[in-house]
Amino acid sequence: MIHLKNIEKVYRTDTVETLALNNITLQIEKGEFLSIMGPSGCGKSTLLNIMGLLDEPTKGQINLDTQEISDFSDKKLSRFRNQKIGFIFQSYHLINDLPVLDNVELPLLYRDVSSAERRRLAAEALEKVGLANRMKHYPSQLSGGQKQRVAIARAIVGQPEIILADEPTGNLDSAMGNEIMEILENLNRADRTTIVMVTHDENMARRTHRLVRLFDGSLVSSNTFVN
Amino acid sequence: MQRRKMFTFITLFGISMTLSILIVLAAFYEHIFSASYPEINRDRCLYATLLEEENTKESGMRRGPMSLFYINTYIKTLKTPEKVAYSTVPNTVNTYGNGKKISLFFKYTDPIFWEITQFEFLEGKPYTQRDIDNNESVAIINDETRDDYFGKNVSAIGKTIEINGQYLRVVGVVRGCPITRLVVAADVYMPWHLQKRASVTNELNGNYTAIILAKTPADLPKIQQEYADLVPRIPLSETGGFKPDKLNTSLSSYFDSIVRDMFFGAGGSSARSRFYLFVVVFALLFMSLPAINLVNINISRILERASEIGIRKAFGASAQTLVTQFVIENIILTLFGGMVAILISAVFLWWFNNSNLIAYADLAVNWTVVAVALTLSLVFGLMSGVYPAWRMSRLPAVEALKG
Ligand SMILES: Nc1ncnc2c1ncn2[C@@H]1O[C@H](COP(=O)(O)OP(=O)(O)OP(=O)(O)O)[C@@H](O)[C@H]1O
Ligand SMILES: [Mg+2]
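Heads up: the protein sequence lines correspond to chains A and B, in order. Heads up: the first sequence begins at 1240 in our numbering, then just goes up one per residue. Heads up: the second sequence begins at 56 in our numbering, then just goes up one per residue.
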């Protein structure tokens, strides 16, 4: 599903050059649930952004769904993101000017979906994350955990084949974290959604199929769990 | 795409205020300069309003309107014009009518004045050369004066009005015009022969101005040339110890005559271009403030919305979609601002017309100015709002997300 080959990412500022990712090669199969761990600053978010076509690698090759994407146009990339990928960001990234329901509708806005259907699907997604009673609220009126759940609803509303989740449970207590994890597991099991999740929680990682560890931009180990 | 309410409001306010001010200024400009009642022939007219006798050696100068002698001798005799009319600059007088004191502007004119201007006669008709030949004491008044002096809804024809101790028979009532029609506006008009000290001397300066009607607008430059050729040959004589050696005068369009009288002397032949330069520089300075403001607001708004752009990109909006959305948003905003501006200025002009600050004021929204101003704000809006959005939307989504 996702094939990364010799990915390298260098951030250049005026004074320093950071090698955020160093020669990463990784294959993620369809229906796999992969977790990524590593110390802060080791490049986890960078890797996820590159998988999600939000950022371009300095070097290397990405194949998504058997397609080499390096020469995709902006339009094609957008369609790919829209149809195939659902993002859950570390810092939520909700649009503060829009109420919760509109935030969740966002991916459908760029598809050919009627507004009534958008509404229905968004409400359904919010129900799944237990926020059906907060649809008219604005993000500023929600707790961190609730924002995270809105972000999850937005990621799953379009039923993408791939969900990329950057510490989806990082801001939640263990009960809530557990619930979120169950939602993701369910998506993975029922819909065969491919999930890549960054986490700092060893227990969460153990519930996935495979764990890879990053250190200083390099892949250092890979564990496969039998669940 | 929903946006911050505060920014929307400020942007709208900026657009609306700028446009309103422009529309109102344009309305005043039109009111003062364009051919309008009763000078609907302005495009075919030249104005002789100023005569400057100069002593170039001692840099002495005497300037003012012209004498009857001057107009009769040197302007009436021009070959190219179709007609020449003259009238005095307006004067004020107090009179008593209807049991109250009434302050009036009055003017002396020749009969041709009524041919070149297109006053609407509500009653009666203009005085003629025959009235002058028979030394008749007659006057024409405007409707406001009639209502004040004789009472509302009564006929004034044949009644007597007292001006400066002279008793005049009213022979006509015209629909009045605003005082900003500087050359023709008055409350009471009398034939020139009633002027007590009607000058018969050979002095060039007096208190008359002339309107010269050409057969066609194309004749205007010819008339100006004919006059310009004549001026150096006009004999100058010493009066009151002042010995002029040069005469500055020209026939000019209404616009030039007003602008020149306001800003320059009679010698200012390039009045128009200098005035335009002045206006353009002023307008640019004036316009640039709200424009810069608008650009500023737009750009900071885009920066504020960088993360929104990033988020939308992450969930499938292409650069093109985003830019289209920004363009539509900008157009709607500008058009809405334009509508508000038209409303504001229409209400203001309506209020002004009815406030009697200027009697008979007839200011109106100029649609050409509305169109030009709207186009300009669209351009500004697109440049400042859409261009940065376009740049931003071409960056990888992460860059925008980081803000
Ligand atoms: N835009 C950027 N410009 C320069 N350096 C950057 C940029 N983005 C990330 N980096 C650097 O790249 C490295 C990897 O960052 P990244 O955000 O991927 O870390 P992370 O593993 O997600 O950390 P955390 O667990 O704290 O989220 C860090 O050293 C970071 O400072
Ligand atoms: Mg991170």
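Beta carbons: idealized from backbone N, C-alpha and C, even for Gly.
**Message:** Under DSSP, the alpha helix (DSSP H) around Gly115 (chain B) begins and ends at which residues?
**Reply:** As a first step, residue 115 (chain B) must be located in the second sequence, where it is residue number 60. That residue, Gly115 (chain B), is in no alpha helix (DSSP H); its beta strand (DSSP E) goes Gly115 to Gly119.
**Request:** Compute the minimum distance between the beta carbon of Lys1323 (chain A) and the heavy atoms of ligand 2, and state whether it is under 8 Å.
**Result:** Sequence index remark: in the first sequence, residue 1323 (chain A) carries index 84 (1-based). No, since every heavy atom of ligand 2 falls outside the 8 Å radius drawn around the Cβ of Lys1323 (chain A).
**Prompt:** For the stretch 357-371 of chain B, which residues have a CB atom closer than 8 Å to at least one CB atom of chain A, in sequence order?
**Reply:** Ser362, Glu363, Gly365, Ile366, Arg367, Lys368, Ala369, Phe370 and Gly371
**Request:** Go through the stretch 281-321 of chain B residue by residue and report every complete run of the alpha helix (DSSP H) that reaches 4 residues or more, in order.
**Result:** 309-318
**Message:** Would Asn1410 (chain A) pass as an interface residue toward chain B - the criterion being a Cβ-Cβ separation below 9 Å?
**Reply:** As a first step, residue 1410 (chain A) is located in the first sequence; it is residue number 171 there, counting from the start. No, because no Cβ of chain B sits closer than 9 Å to the Cβ of Asn1410 (chain A).
**Asked** Are the stretch 233-247 of chain B and the stretch 269-282 of chain B in contact at 8 Å, needing three or more beta carbon pairs?
**Response** no
**Request:** Count the other CB atoms, across all protein chains shown, that sit within 10 Å of the CB of Ser71 (chain B); report buried if there are 16 or more and exposed otherwise.
**Result:** As a working note, residue 71 (chain B) is residue 16 in the second sequence. The residue in question, Ser71 (chain B), is buried, as its Cβ has 16 or more Cβ neighbours within 10 Å.
**Request:** Report buried or exposed for Arg360 (chain B), applying the criterion of at least 16 other Cβ atoms within 10 angstroms of its Cβ.
**Result:** Locating residue 360 (chain B) in the second sequence gives position 305, where the first residue counts as 1. When all chains shown are included, Arg360 (chain B) counts as buried.
**Asked** Should Tyr222 (chain B) be labelled buried (16 or more other beta-carbon atoms within 10 Å of its own) or exposed?
**Response** Against the second sequence, residue 222 (chain B) aligns to sequence position 167. Exposed is the call here.
**Message:** At a cut-off of 8 Å, would you count Lys1283 (chain A) as near ligand 2, judging by its Cβ distance to the nearest heavy atom?
**Reply:** Walking along the first sequence from the start, residue 1283 (chain A) turns up at place 44. In this structure, Lys1283 (chain A) has its CB closer than 8 Å to one or more heavy atoms of ligand 2.
**Asked** How far does the alpha helix (DSSP H) with Leu1423 (chain A) in it reach, from first residue to last?
**Response** Counted from its first residue, the first sequence places residue 1423 (chain A) at position 184. Element bounds for Leu1423 (chain A): Ser1413 to Asp1430.
**Request:** With 7 Å as the C-beta to C-beta threshold (strictly closer), list the residues of the stretch 1319-1347 of chain A near chain B in chain order.
**Result:** Arg1320, Asn1321, Phe1326, His1332, Ile1334, Asp1336, Leu1337, Leu1345 and Pro1346
**Prompt:** For Glu454 (chain B), which three-state DSSP category applies?
**Reply:** Here the question's residue 454 (chain B) lines up with position 399 in the second sequence. Note: Glu454 (chain B) maps to helix in three-state DSSP.
**Request:** Would you tell me roughly how many angstroms separate the C-alpha atoms of Gly1291 (chain A) and Thr1447 (chain A), rounded to the nearest one?
**Result:** Translated into positions along the first sequence, residue 1291 (chain A) becomes position 52. Translated into positions along the first sequence, residue 1447 (chain A) becomes position 208. Taking the straight line joining both Cα atoms gives about 20 Å.
**Message:** Tell me whether Leu1243 (chain A), by its Cβ, gets closer than 8 Å to a heavy atom of ligand 1.
**Reply:** Counting from one through the first sequence, the residue named residue 1243 (chain A) turns up at place 4. No, ligand 1 has no heavy atom inside 8 Å of this Cβ.
**The alpha helix (DSSP H) enclosing Phe407 (chain B), as first and last residue numbers** = By 1-based counting over the second sequence, the position of residue 407 (chain B) is 352. Ala374 to Asn409 is the span of the alpha helix (DSSP H), which, as asked, contains Phe407 (chain B).
**Request:** With 9 Å as the threshold, decide whether the Cβ of Thr456 (chain B) is near any Cβ in chain A.
**Result:** Residue 456 (chain B) sits at position 401 when you count from the first residue of the second sequence. The amino acid occupying residue 456 (chain B) in the given sequence is Leu; Thr does not appear at that position. Closer than 9 Å to some Cβ of chain A, the Cβ of Leu456 (chain B) qualifies, so yes.
**Message:** Distance cutoff 9 Å, beta carbons only. Does Asn1427 (chain A) sit that close to anything in chain B?
**Reply:** Stepping through the first sequence from its first residue, residue 1427 (chain A) is reached at position 188. So no, Asn1427 (chain A) is outside the interface.
**Item:** Residue from A:Ile1401, A:Asp1351, A:Ser1330 and A:Ser1457 with nearest C-alpha to Gln1385 (chain A)
**Value:** Mapped onto the first sequence, residue 1385 (chain A) falls at position 146. Of the listed residues, the one whose Cα sits closest to Gln1385 (chain A) is A:Ser1330.
**Message:** Rounding to the nearest angstrom, what Cα-Cα distance links Leu74 (chain B) and Asn385 (chain B) in this structure?
**Reply:** Within the second sequence, residue 74 (chain B) is the residue found at index 19, counting from 1. Within the second sequence, residue 385 (chain B) is the residue found at index 330, counting from 1. Their backbone Cα atoms lie some 16 Å apart in a straight line.
**Item:** Distance between Glu178 (chain B) and Glu258 (chain B) (C-alpha atoms, nearest Å)
**Value:** Here residue 258 (chain B) corresponds to residue number 203 of the second sequence, with the count starting at 1. Here residue 178 (chain B) corresponds to residue number 123 of the second sequence, with the count starting at 1. Glu258 (chain B) and Glu178 (chain B): Cα-Cα distance of roughly 38 Å.
**Item:** Distance, Met1420 (chain A) Cα to Thr1432 (chain A) Cα
**Value:** Counting from 1 along the first sequence, the entry for residue 1432 (chain A) is found at position 193. Counting from 1 along the first sequence, the entry for residue 1420 (chain A) is found at position 181. Each residue's alpha carbon lies about 14 Å from the other.
**Item:** Cβ pair Asn149 (chain B), Phe160 (chain B) closer than 9 Å
**Value:** As a working note, residue 149 (chain B) is residue 94 in the second sequence. As a working note, residue 160 (chain B) is residue 105 in the second sequence. In this structure, Phe160 (chain B) does not lie closer than 9 Å to Asn149 (chain B) by Cβ.
**Prompt:** Between the C-alpha atoms of Arg118 (chain B) and Ile95 (chain B), what's the straight-line distance to the nearest angstrom?
**Reply:** The residue you call residue 118 (chain B) lines up with position 63 of the second sequence. The residue you call residue 95 (chain B) lines up with position 40 of the second sequence. One C-alpha to the other measures close to 29 Å.
**Asked** How do the stretch 1350-1365 of chain A and the stretch 1434-1453 of chain A stand: do at least 3 beta-carbon pairs fall below 8 Å, yes or no?
**Response** no
**Request:** Quick one: using the 10 Å Cβ neighbour count with 16 as the cut-off for buried, is Leu462 (chain B) buried or exposed?
**Result:** Only positions 56 to 458 of chain B appear in the structure, and residue 462 (chain B) is not among them; the question remains open.
**Message:** Looking at chain A, is there any beta carbon in it that lies within less than 9 Å of the beta carbon of Ala396 (chain B)?
**Reply:** If you number the second sequence from 1, residue 396 (chain B) lands on position 341. No, Ala396 (chain B) lies away from the interface with chain A (no Cβ there is under 9 Å from its Cβ).
**Request:** Per DSSP, which residues does Arg1449 (chain A) bridge with? Please list them.
**Result:** Your numbering for residue 1449 (chain A) matches position 210 in the first sequence. Looking at the DSSP assignment, Arg1449 (chain A) forms a beta bridge with A:Leu1273 and A:Thr1463.
**Prompt:** By how many angstroms is the C-alpha of His1332 (chain A) removed from the C-alpha of Gln1380 (chain A)?
**Reply:** Residue 1380 (chain A) sits at position 141 when you count from the first residue of the first sequence. Residue 1332 (chain A) sits at position 93 when you count from the first residue of the first sequence. Using only the alpha carbons, I get a separation of about 15 Å.
**Item:** Among B:Asn190, B:Ser142 and B:Ser158, nearest to Ile171 (chain B) - alpha-carbon criterion
**Value:** For the purposes of this step, residue 171 (chain B) is taken as the residue at position 116 of the second sequence. The candidate whose alpha carbon is nearest that of Ile171 (chain B) is B:Ser142.
**chain A within 9 Å of Pro443 (chain B), Cβ atoms only** = Position 388 of the second sequence, counting from 1, holds the residue named residue 443 (chain B). Taking CB atoms only, Pro443 (chain B) has no neighbour in chain A less than 9 Å away.
**Message:** Just to confirm the assignment: which complete beta strand (DSSP E) runs, minimum length 3, are found wholly within the stretch 80-141 of chain B?
**Reply:** Listed in chain order, the beta strand (DSSP E) runs fully inside the stretch 80-141 of chain B are 100-103, 106-110 and 115-119, counting runs of at least 3 residues.
**Prompt:** Buried or exposed: which applies to Ala211 (chain B), given that a residue is buried once 16 or more other Cβ atoms fall within 10 Å of its Cβ?
**Reply:** Taking the second sequence and counting its residues from 1, one reaches residue 211 (chain B) at position 156. So Ala211 (chain B) ends up on the buried side.
**Message:** For Asp1310 (chain A), count the other beta carbons within 10 Å of its own beta carbon; 16 or more makes it buried, fewer makes it exposed. Which is it?
**Reply:** For the purposes of this step, residue 1310 (chain A) is taken as the residue at position 71 of the first sequence. That one is exposed.
**Prompt:** Got a sec: which bits of the stretch 1346-1366 of chain A sit with their beta carbon under 7 Å from any beta carbon on chain B, in order along the chain?
**Reply:** Pro1346 and Tyr1349
**Request:** Please indicate yes or no: does the CB of Thr66 (chain B) lie closer than 8 Å to some heavy atom of ligand 1?
**Result:** Here residue 66 (chain B) is taken as the residue at index 11 of the second sequence, counted from 1. It does not: the Cβ of Thr66 (chain B) is nowhere closer than 8 Å to a heavy atom of ligand 1.
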